[in-house]
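In order, the protein sequence lines correspond to chains A and B.
According to the working numbering, the residues represented by the first sequence are 1 to 691, in order.
According to the working numbering, the residues represented by the second sequence are 1 to 691, in order.
Taking it in order: structure first as structure tokens, then the write-up.
There are 2 protein chains.
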Amino acid sequence: MRRLLPFLLLSALAALPAHADEGMWPLNAAPKDRLRERYGFTPDDAWLTHVRSSAARLTVGCSGSFVSPTGLILTNHHCAHRCIQQLSTAERDYIARGFYAAAPADEQRCPDFEIEQLTDIRDVTPRLSAATAKATDERQHHAAEKAEVARIEKECVGKDAETVRCEVVPLYHGGAFHLYRYRLYSDVRLVFAPEYSVAFFGGNPDDFSFPRYSLDFTFLRAYHHGRPAQLLPEQYFKWSPSGPSAGELTFVAGQPGSTARELTVSELEYLRDITLPNRLILIAELRGLVTEFQHRSAEARRVSGDLMFGLDGAYKGTVARYETLTDPRFFATKVAEENALRQKVAHDPALAAKYGGAWDAIERAQLARRRLRKLFSYAESDNSQSRLLRFGRMIMRAADERTRPDGERLAEYRDAKLSSLEQEVVSAIPIDDDLEVLFITNALTRMRADLGLDHPFVRKVLGRESPEELATRLVKGSKLKDAAVRRTLWQGGRNAVRASEDPILRFVRLADEDARAVRKQYEDEVEAVVQRNSELLAKARFAVLGTSTYPDATFTLRLSYGPVAGWEENGRQIPPFTYVGGLYERATGRDPYALPESWLKARERLDPKLPFNFAGAHDIINGNSGSPVINRNAEIVGVLFDGNMQMIGGDYGFDGTTSRSVAVHSGLILEALAKVYSATRLVDELRPPAR
Amino acid sequence: MRRLLPFLLLSALAALPAHADEGMWPLNAAPKDRLRERYGFTPDDAWLTHVRSSAARLTVGCSGSFVSPTGLILTNHHCAHRCIQQLSTAERDYIARGFYAAAPADEQRCPDFEIEQLTDIRDVTPRLSAATAKATDERQHHAAEKAEVARIEKECVGKDAETVRCEVVPLYHGGAFHLYRYRLYSDVRLVFAPEYSVAFFGGNPDDFSFPRYSLDFTFLRAYHHGRPAQLLPEQYFKWSPSGPSAGELTFVAGQPGSTARELTVSELEYLRDITLPNRLILIAELRGLVTEFQHRSAEARRVSGDLMFGLDGAYKGTVARYETLTDPRFFATKVAEENALRQKVAHDPALAAKYGGAWDAIERAQLARRRLRKLFSYAESDNSQSRLLRFGRMIMRAADERTRPDGERLAEYRDAKLSSLEQEVVSAIPIDDDLEVLFITNALTRMRADLGLDHPFVRKVLGRESPEELATRLVKGSKLKDAAVRRTLWQGGRNAVRASEDPILRFVRLADEDARAVRKQYEDEVEAVVQRNSELLAKARFAVLGTSTYPDATFTLRLSYGPVAGWEENGRQIPPFTYVGGLYERATGRDPYALPESWLKARERLDPKLPFNFAGAHDIINGNSGSPVINRNAEIVGVLFDGNMQMIGGDYGFDGTTSRSVAVHSGLILEALAKVYSATRLVDELRPPAR
């Protein structure tokens with residue numbers, strides 16, 4: 001790492017940010033110059049308006065796009081999963097068997113599904129600056145800002161609340177504020193979904209990897225007043241039946257959720273040395289426990305199936321982040337970028353006075369974080385996976401907090417949050433005794449090992465029992481497994497909770513004083529310091545770089561670009577396309593490599609050389625699922641549904657040499673609709689008329 | 001880390017090494033000046049000779065000391081554990097019940113136990129330089145060196161092979177060679193051992209921690225020609241009944257095994273970012289699996305008990321090393337030390353030409369290591385814990401390798417190693433089917449996740465089976481569980497092995513070509529490069545620093561020093577002593593906090609304020625177990641048996657602010673012998689005559 005630093009420092013100073021094809025660009029700040037210089041392509045305003053209007057945001061947390069004049073929407077199967085599940089019944093399992101509305105009337109409305117189409121972006125920074133100009137302290141500033149944002153959004157919506165949504169988006173961590181105006185569709189219907197087994201072919205083992213063979217797409221349709229939305233030609237993308245070629249410039253117009261590319265080096269070190277490895281160790285041990293737990297019985301396997309799936313996914317995502325931060329080349333880039341910005345700030349006395357101390361303040365907060373983390377972790381941030389401990393604590397704390405004025409409560413117990421907490425606590429979620437004992441025993445054993453038997457907190461909560469004895473006593477003796485008991489305690493408030501002899505409640509109360517004390521320390525010495533100084537750094541960055549760079553992701557529309565391309569991994573070249581033939585070779589008939597009947601039957605009708613999935617050098621992140629991949633003509637060449645492991649590390653910074661998006665090929669979708677599913681109506685809607 | 005660097009760089013340049021009380025000093029290079037300056041104590045030659053002659057080395061891998069004129073030896077219970085176990089029978093379980101030879105004739109000889117007493121150290125560097133002066137290449141150099149070492153050792157032993165042992169010790173990684181001459185005692189007898197439950201009180205949870213309450217001592221006796229050894233007053237330590245006081249300067253005269261304090265920063269980064277976290281993750285998952293496996297049945301608990309104990313210990317040791325390397329202050333010190341040495345080398349053209357490139361070469365080798373590590377880990381360095389895979393592979397490889405000339409074989413299959421390999425393979429070690437399936441399934445699942453389903457090696461060894469299917473088929477179908485079958489195959493050699501249809505043998509053969517290929521790459525691109533350049537760096541270090549610093553540990557006698565002292569941990573002050581009263585408070589009656597009958601009965605006879613264990617700021621490492629802790633008068637004040645977590649990180653460098661040794665108090669030993677065990681004969685032998 002140290003050897004690379006001087007070289008990278010120079011290049012970082014020369015051009016900040018340094019990477020080709022990096023960036024999630026707002027549509028009103030598209031990198032026209034970079035595109036022209038690198039690809040000889042300059043998007044004009046009509047092109048950008050077309051892209052902006054044809055992209056869609058799914059409020060469920062995904063991206064999508066309009067692909068026909070009658071409101072057809074392309075997104076991922078996993079983005080529509082909840083809708084498909086909600087529409088399913090025991091007799092009609094659309095998850096297992098797929099869904100196709102052969103006639104328009106068969107399209108079924110998704111409960112709680114909303115889709116937004118971006119119609120305008122406006123800079124409202126001056127209005128907010130004016131509104132907050134007279135504030136004399138932080139509290140006044142925030143109040144004034146909040147009020148002005150509400151005014152702007154209200155004016156923007158006007159009288160069209162049913163079809164218009166407006167949102168003031170803070171960009172560059174508050175360096176600028178832009179008003180995003182959307183056309184809202186709240187009647188969204190399911191049109192087509194393939195079977196889960198082919199949509200999520202490869203399951204967890206293939207997730208975040210490539211080569212890949214997942215048919216992860218779904219079609220929805222936007223309705224207005226009970227009829228399909230009518231769109232102008234610049235409000236939807238046309239379909240490319242041939243898809244992209246290797247090396248071709250393509251664009252992703254999606255809604256990346258959030259990135260943390262502006263963390264300081266000391267924060268990244270903390271993540272690299274403490275947070276991520278400790279999370280991996282924790283997940284690994286839990287995974288070992290649950291894997292073997294599943295051998296106890298069929299029931300044990302049933303109650304822990306979802307959990308295992310979640311642990312596997314969390315493990316993969318964390319490994320990816322960890323590998324990014326322990327890549328010496330990557331880390332050296334972050335160090336170089338920070339040093340470059342520090343130098344620019346240091347050389348400008350005005351900037352230095354305002355922002356120069358922020359990095360060191362954040363570094364000192366990381367030392368406090370190290371000091372507090374073990375007690376904080378065991379006393380306050382329950383990571384046991386035990387539902388009983390979680391519920392017990394929520395009941396106990398809510399009862400106490402509700403006796404305080406709203407403004408003085410712990411943040412998660414303010415009035416605005418209480419009803420969703422109550423919903424969780426009183427829900428009829430099943431609780432398995434054996435799994436509870438396992439998790440609590442594990443958490444207590446870890447606590448004893450990490451803090452030591454002689455730590456006052458350990459002595460207090462463990463007493464003279466062994467972890468397993470204590471866990472067994474708590475679980476066997478608690479009535480909190482019963483949702484009705486939880487409801488009674490929640491409603492009974494402080495007196496009911498204090499009067500209860502439930503061992504779980506007594507246990508969480510025993511820990512509460514220390515837990516609150518260490519939380520207070522953590523908030524004061526770590527969180528407040530980091531927040532205050534991160535805001536300063538965002539301002540410093542904006543002062544130096546302005547809009548020559550892109551803001552961190554905010555789940556708003558962004559344009560990324562790059563070629564269709566594989567990458568080199570450990571000396572092996574990964575090609576950018578997979579093909580139908582490879583799908584059939586990979587299918588072993590065993591989950592998660594088992595194909596549905598429809599695909600087994602269609603094998604002879606499909607060309608094995610037809611591209612299936614493809615990889616692209618796009619800068620994307622969670623939230624980009626369902627994004628359209630388009631070519632220079634703004635035609636759909638694929639639907640993005642995943643990225644490789646290196647993409648996940650994009651949380652911290654983009655590495656264009658290895659980070660890749662993964663998409664379903666547009667030609668494959670047409671072929672599958674035609675030859676596997678006989679979805680003629682959809683094929684006709686998508687296929688451009690013969691010339 | 002970066003903030004601290006400039007300051008530390010300066011201090012490192014000023015005085016290298018920088019830490020007070022750091023160092024494991026050879027007895028002929030004691031740090032007299034440092035001791036005088038810091039403690040006003042200057043050991044004279046008589047003192048040093050006394051210490052050298054009274055310290056003992058246990059060839060089992062421990063330290064000890066002579067403590068009476070008739071050859072009584074003080075060491076740890078855990079150092080004599082094997083002897084105590086070997087002398088036990090079903091009727092007389094000395095591990096559980098302890099051992100005391102009430103009369104001289106009751107002392108029992110330990111099988112295979114040897115004790116060495118250092119009688120002389122001589123510098124033989126000039127002889128070796130002369131012997132290797134004419135060598136023109138590396139091979140000649142090594143051959144000449146090896147021959148001269150053998151000559152020196154043979155001359156040194158002379159005709160007294162029965163009672164003299166000589167060893168040429170390379171110090172400073174070959175910067176100097178010293179001849180160590182020992183008086184050898186090969187008749188060693190057990191005199192006294194407490195019960196295991198009090199000797200290892202606190203078990204794994206308390207291991208590497210403090211406060212501590214372990215009675216980890218044992219007495220042995222050296223015999224010569226069937227009679228107790230007769231020692232001069234300068235050949236044994238006298239006993240201090242009062243022990244040390246807080247803050248008192250004390251010395252540890254022991255045999256630290258090995259340290260790696262001269263690793264480069266790039267090697268430490270590799271350890272920090274790759275080796276240690278991955279080991280922790282692996283152990284954590286195995287620990288989870290085995291913890292839950294133990295719930296399957298009493299038999300499952302029995303067959304996996306040792307394994308669980310080993311995993312817990314390995315986990316703790318690895319955590320300690322990891323915490324050391326992720327401590328920003330510690331790492332900054334290593335960076336500063338390396339930079340200081342690099343600068344000194346860079347400023348001397350002769351040194352720069354010879355050694356200047358070594359750091360970068362080692363750093364490049366770390367990049368190769370990163371590239372190769374995953375395949376190397378799964379194909380070549382079996383970390384599955386499966387005994388069947390291990391045996392299968394040894395049988396298959398030994399059969400192939402034995403057909404080659406000795407010099408061309410893989411190192412572990414040379415003739416000199418074959419018989420111990422054979423012993424392991426044909427031993428009647430029990431193999432549990434369920435545990436084997438569990439371990440192989442886990443290893444295959446990890447491999448598939450880490451390398452990806454599309455890696456050619458994964459495709460080859462996994463085929464179309466799921467990890468669990470393959471593991472079950474291998475284990476259920478293999479006959480290698482039978483030691484007789486293993487013996488037949490081993491003796492049958494290549495033809496027998498090739499003819500075998502055993503699924504385990506077929507599986508390991510399938511992987512063998514790739515395994516050998518990646519091993520070859522690893523040896524060439526990583527190991528050879530690191531070894532060659534580490535030797536250069538050792539020479540550079542010796543050229544710059546000479547003997548002003550101490551050499552890495554070599555399991556030879558070293559003197560460490562420092563005060564009896566606690567430390568501050570996370571804002572909590574850990575006091576240096578524990579007391580008898582605390583032992584009884586800690587005893588819950590549950591393993592590992594259950595006291596033996598003898599201690600429960602003696603409670604009323606013991607002063608609760610009597611010190612039990614104490615901590616000292618000594619620079620120690622594995623191998624120091626059993627070391628005498630002595631005061632300025634060279635009196636025994638304790639016997640060292642452990643260190644805290646920070647001590648383990650001493651592998652990489654000493655941090656005098658937190659690293660601590662842990663010892664049993666000399667006064668407690670006398671009291672226990674007198675009041676718990678009524679071991680009058682021993683008390684009389686140890687207690688100094690009343691004045």
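Where a beta carbon is used, it is the ideal one built from N, C-alpha and C, also for glycine.
All values derive from a computational prediction rather than experimental measurement.
- Short of 6 Å from the beta carbon of alanine 443 of chain A, and not among the five residues preceding or following it, lie these beta carbons of its own chain, in chain order: Ser384.
- Per DSSP, glutamine 573 of chain A is one residue of the beta strand (DSSP E) stretching across 572 to 574.
- Among the residues facing chain A, glycine 317 of chain B is not included, as its CB has no counterpart in that chain under 8 Å away.
- Neighbours of glycine 452 of chain B in chain A, taken as residues whose beta carbon is under 8 Å from its own, are Ser209 in chain order.
- If the five residues before and after arginine 287 of chain B are omitted, its C-beta is found closer than 8 Å to the C-beta atoms of Met308, Leu311, Asp312 and Tyr315, all from its own chain and listed in chain order.
- Measuring C-alpha to C-alpha distances from arginine 402 of chain B to each of B/Leu388, B/Arg221, B/Glu422 and B/Ala103 identifies B/Glu422 as the nearest.
- Nearest CB-CB separation between glutamate 285 of chain A and chain B: below the 8 Å threshold.
- Beta-bridge pairing by DSSP links glutamine 108 of chain B to B/Leu190.
- In this structure, the straight-line span from the alpha carbon of alanine 320 of chain A to that of threonine 259 of chain A is close to 15 Å.
- As a beta-bridge residue in DSSP terms, phenylalanine 66 of chain B pairs with B/Ile73.
- For asparagine 624 of chain B, the three-state secondary structure derived from DSSP is coil.
- Between phenylalanine 612 of chain B and aspartate 216 of chain B, the CB-CB gap reaches or exceeds 8 Å.
- For chain B, none of the residues of the region 513 to 532 of chain A brings a beta carbon within less than 9 Å of one of its beta carbons.
- Fewer than three Cβ pairs drawn from the region 138 to 147 of chain A and the region 102 to 118 of chain A lie within less than 8 Å of each other, which leaves the two stretches out of contact.
- Apart from the 5 residues on each side of it in sequence, alanine 352 of chain B sits with its Cβ closer than 6 Å to the Cβ of Val345 and Ala346 in its chain, given in chain order.
- Arginine 448 of chain B sits away from proline 430 of chain B, with the two beta carbons spaced by 8 Å or more.
- DSSP places serine 661 of chain A within a strand segment (E or B) once states are collapsed to three.
- Within the same chain, Cβ atoms closer than 6 Å to the Cβ of tyrosine 355 of chain B are found at Val345, Leu536 and Ala540, the five residues on either side in sequence being excluded.
- When 7 Å is used as the limit between beta carbons, alanine 449 of chain B is near these residues of chain A: Pro205, in chain order.
- Along the region 491 to 511 of chain A, there is no position whose C-beta sits under 8 Å from a C-beta of chain B.
- According to the DSSP assignment, alanine 176 of chain A belongs to the beta strand (DSSP E) that extends over 176 to 185.
- Look at the beta carbons and you see the region 590 to 609 of chain B not touching the region 622 to 637 of chain B: under three pairs across the two are nearer than 8 Å.
- For threonine 291 of chain A, the chain B residues whose Cβ falls inside 7 Å of its Cβ are Leu289, in order along the chain.
- Under the three-state reduction of DSSP output, asparagine 613 of chain A falls in the strand class.
- Excluding five sequence positions before and after arginine 487 of chain A, the CB atoms of its chain that fall closer than 7 Å to its own CB belong to Val426, given in chain order.
- Contact between the region 171 to 182 of chain B and the region 197 to 205 of chain B is not established, with fewer than three Cβ pairs separated by less than 8 Å.
- Between the alpha carbons of aspartate 502 of chain A and alanine 399 of chain A lies a distance of about 15 Å.
- DSSP places valine 149 of chain B in the helix class (H, G or I) of the three-state scheme.
- Annotation note: the region 193 to 246 of chain B contains the following uninterrupted alpha helix (DSSP H) runs of length 4 or greater, listed N- to C-terminal: 196 to 199 and 203 to 206.
- When DSSP states are grouped into helix, strand and coil, proline 170 of chain B belongs to the strand group.
- Two segments are said to touch when three or more pairs of C-beta atoms, one from each, lie closer than 8 Å; by this definition the region 407 to 420 of chain A does not touch the region 464 to 483 of chain A.
- Contact between proline 211 of chain A and threonine 658 of chain A does not hold, since their C-beta atoms are separated by about 15 Å, which reaches or exceeds 8 Å.
- Pairing proline 244 of chain A with tyrosine 236 of chain A, the inter-Cα distance amounts to about 19 Å.
- Residues of chain A with a Cβ closer than 8 Å to the Cβ of arginine 371 of chain B are, in chain order, Asn570 and Gly571.
- Residues of the same chain with a CB within less than 7 Å of the CB of leucine 606 of chain B, apart from the 5 flanking positions on each side, are Val580, Glu671 and Lys675 in chain order.
- At a cut-off of 8 Å between beta-carbon atoms, threonine 588 of chain B makes contact with chain A.
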